[in-house]
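Under the working numbering, the first residue of the sequence shown carries the number 121, and numbering increases by one thereafter. The C-beta atom is built at its ideal place from N, Cα and C for all residues, glycine as well. Being a predicted model, the structure only gives us computed values, none of them experimental. For reference, the structure is listed below as structure tokens.
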Amino acid sequence: MEAPSSLDVDYVQRRKEPEPDKTKATKKDYDLKIHDKELNQHLRDLQEGKEDTSAVEEPAQHEVSYTFGDNGSQWRMTKLKNVYREAKESGRSVDDVALERYGSFRAFDDAREEEIELERRATYGRDYVGKEKPSGELYQERKMKAGVRRESEQAANEVPKLPQGHIIQEKPPPATTNVLDATALNKLRAKLMKAKLKGGDEAAKLEAEYNLAMAQAANRKEPEVVVLGAQESRLLASRKGEVKDIDNKRGRERGLVEENEDMSIEDMVRQERRTRGQQGGEGYRLAETIAKDAKFDDDLDYMDENAGKLAKHVQKSNINLRNTAIGDFQKMNRILDTCPLCHHEDTNTPPVAPIVSLATRVYLTLPTEPEISEGGACIIPIQHRINLLECDDDEWEEIRVSSRYVQPSHHTPEKD
Numbered sequence: 121m122e123a124p125s126s127l128d129v130d131y132v133q134r135r136k137e138p139e140p141d142k143t144k145a146t147k148k149d150y151d152l153k154i155h156d157k158e159l160n161q162h163l164r165d166l167q168e169g170k171e172d173t174s175a176v177e178e179p180a181q182h183e184v185s186y187t188f189g190d191n192g193s194q195w196r197m198t199k200l201k202n203v204y205r206e207a208k209e210s211g212r213s214v215d216d217v218a219l220e221r222y223g224s225f226r227a228f229d230d231a232r233e234e235e236i237e238l239e240r241r242a243t244y245g246r247d248y249v250g251k252e253k254p255s256g257e258l259y260q261e262r263k264m265k266a267g268v269r270r271e272s273e274q275a276a277n278e279v280p281k282l283p284q285g286h287i288i289q290e291k292p293p294p295a296t297t298n299v300l301d302a303t304a305l306n307k308l309r310a311k312l313m314k315a316k317l318k319g320g321d322e323a324a325k326l327e328a329e330y331n332l333a334m335a336q337a338a339n340r341k342e343p344e345v346v347v348l349g350a351q352e353s354r355l356l357a358s359r360k361g362e363v364k365d366i367d368n369k370r371g372r373e374r375g376l377v378e379e380n381e382d383m384s385i386e387d388m389v390r391q392e393r394r395t396r397g398q399q400g401g402e403g404y405r406l407a408e409t410i411a412k413d414a415k416f417d418d419d420l421d422y423m424d425e426n427a428g429k430l431a432k433h434v435q436k437s438n439i440n441l442r443n444t445a446i447g448d449f450q451k452m453n454r455i456l457d458t459c460p461l462c463h464h465e466d467t468n469t470p471p472v473a474p475i476v477s478l479a480t481r482v483y484l485t486l487p488t489e490p491e492i493s494e495g496g497a498c499i500i501p502i503q504h505r506i507n508l509l510e511c512d513d514d515e516w517e518e519i520r521v522s523s524r525y526v527q528p529s530h531h532t533p534e535k536d
């Protein structure tokens, strides 16, 4: 046999199928591999499951070897401007460029603080007193924005949880007590004073009861009726239209005023209503004017000739009126403290005068001053009054009752 000619033989090359890879990929092949010479060691800690607590442990303030505005300030500002310029030209974020240039955000924020401080010094001049070294405010703000806070701050903000599954016992409502009115308090005080005078055993009990009633009456929240005088009225308290300011140097310094001679009828009515019922009144003011007049003569001709002078009143400034009111208040307090007839409620001490008979609102005592006729007695209200016209109906009723009991004993002949 002869082999076929090479021209008659066709060579066919078939594609060989690739053999399947027998090696299997594991999880380690896809894990992030950290090189041993990696500078950012916090990546290794994050890979191992450790939290990055370096930002938390770093304090807000730290010591630096330079001060704002020293010889190296210009170089630091140039470096900061280069960071902004490179970030703008490359389109990257400022934080990325700053981390690359400075190595940490703390140094970058310190440079930003110095930039702000230098701008303030240039704006406000030499008299501006600011910071000399970075305080770490910008770095602290950066950590707050990133959600990094100190554990102490988180613990302070945590609300303690109430124990679950326990029954909370409700507190019983406080016992309601009836607040005694003024009449009941006066009756209780009369009983207390009688017990003290007799030296009975129930004096201590009555005193404790009276102190409790006084405390409840002082702390009650119910609205009370307060009678305001003319001075408390906004329509009458002002002296507008009654006085004029003295327009000179001394008057402006001391706030002096003078009487307005061109008062309208409305101003006159307002002045009359405001000064009505005041101590002294027009008679006191006229007597004060006469006392200051050295040439005054009790003659009708003199009074007719100087009618305008006598009718003119010296108006007091606001400062003098305030000082007068303070002096009157202090004088009244001194009188009340030394008055032998007053019952002092603040110290709960009876009057110095001897008590012959005690009622609810008044008491009977002997005169503390030299008496005109022998064998006299005084009926004194327990509450301080300027005169008997200020007494209420209850006090007047007890005064009349006490008078009816005192008069027969006064007319009865003495028995030795």
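For the beta strand (DSSP E) containing residue i, name the first residue and the last one.
i       : result
Leu-478 : 475-478
Val-249 : Where Val-249 is concerned, there is no enclosing beta strand (DSSP E), given that its DSSP letter is neither H nor E.
Contact defined as beta carbons within less than 8 Å: I believe residue i pairs with residue j. What is the distance between those atoms, to the nearest angstrom?
i       : j       : result
Ala-473 : Pro-460 : 5 Å
Arg-484 : Ser-493 : A quick correction: the sequence has Leu, not Arg, at residue 484. 17 Å between Cβ atoms; not a contact.
Ala-497 : Val-526 : 6 Å
Leu-200 : Ala-242 : Contact doesn't hold; Cβ gap of about 16 Å is too wide.
Asn-438 : Gly-375 : 6 Å
Gly-428 : Asp-387 : Contact flag wrong, Cβ pair sits at about 19 Å.
Ile-499 : Ile-519 : 5 Å
Pro-470 : Met-313 : 6 Å
Thr-303 : Asp-513 : The pair is not a contact, with the Cβ atoms about 11 Å apart (cut-off 8 Å).
Val-203 : Arg-221 : 5 Å
Ala-333 : Leu-300 : 5 Å
Ala-310 : Ala-323 : Their Cβ separation, rounded to whole angstroms, is 13 Å, which puts Ala-310 and Ala-323 out of contact at 8 Å.
Can you tell me whether residue i is helix, strand or coil according to DSSP?
i       : result
Thr-467 : coil
Val-184 : coil
Lys-429 : helix
Glu-379 : strand
Val-389 : helix
Lys-451 : helix
Asp-365 : strand
Lys-360 : strand
Gly-211 : coil
Asp-216 : helix
Gln-435 : coil
Asp-418 : coil
Leu-461 : coil
Asp-424 : helix
Glu-137 : coil
Arg-270 : With a pLDDT of only 48 at Arg-270, under 50, the local geometry of the prediction cannot be trusted, and the value read off the model is given with reservation. If DSSP states are grouped into helix, strand and coil, Arg-270 belongs with coil.
Gln-527 : helix
Leaving out five residues on either side along the sequence, give the residues of the same chain with a beta carbon under 6 Å from the beta carbon of residue i.
i       : result
Tyr-259 : Arg-226 and Asp-229
Ile-385 : none
Asn-306 : Thr-480 and Arg-481
Lys-364 : Glu-378 and Asn-380
His-504 : Cys-462
Glu-206 : Val-217
Thr-488 : Pro-460 and Ala-473
Glu-257 : none
At what residues does the alpha helix (DSSP H) containing residue i begin and finish?
i       : result
Glu-239 : 225-244
Asp-190 : No alpha helix (DSSP H) holds Asp-190; DSSP gives it neither H nor E.
Lys-314 : 302-318
Leu-326 : 323-338
Gln-289 : From DSSP, Gln-289 is part of no alpha helix (DSSP H); its letter is neither H nor E.
Glu-261 : 257-265
Which residues in the same chain have their Cβ closer than 7 Å to the Cβ of residue i, if we skip the five residues on either side of it in sequence?
i       : result
Lys-535 : With a pLDDT of 47 at Lys-535, under the threshold of 50, the modelled position of this residue cannot be trusted; read the value that follows with caution. For Lys-535, where only same-chain residues beyond five positions count, there are no Cβ hits under 7 Å.
Lys-251 : Phe-188 and Glu-237
Val-184 : Asp-230, Lys-253 and Pro-254
Leu-456 : Cys-462 and His-504
Thr-458 : none
In chain order, what residues of the same chain have a beta carbon less than 8 Å from the beta carbon of residue i, not counting five sequence neighbours either side?
i       : result
Gly-192 : Tyr-186
Met-197 : Ala-231, Glu-234, Glu-235 and Leu-238
Leu-430 : Leu-406, Thr-409, Ile-410, Asp-413 and Met-423
Leu-317 : Ile-475 and Leu-478
Would you mind listing the alpha helix (DSSP H) stretches within the segment 472-525 that are 4+ residues and don't spill past its ends, in chain order? Entirely contained in the segment 472-525, not one alpha helix (DSSP H) run reaches 4 residues.
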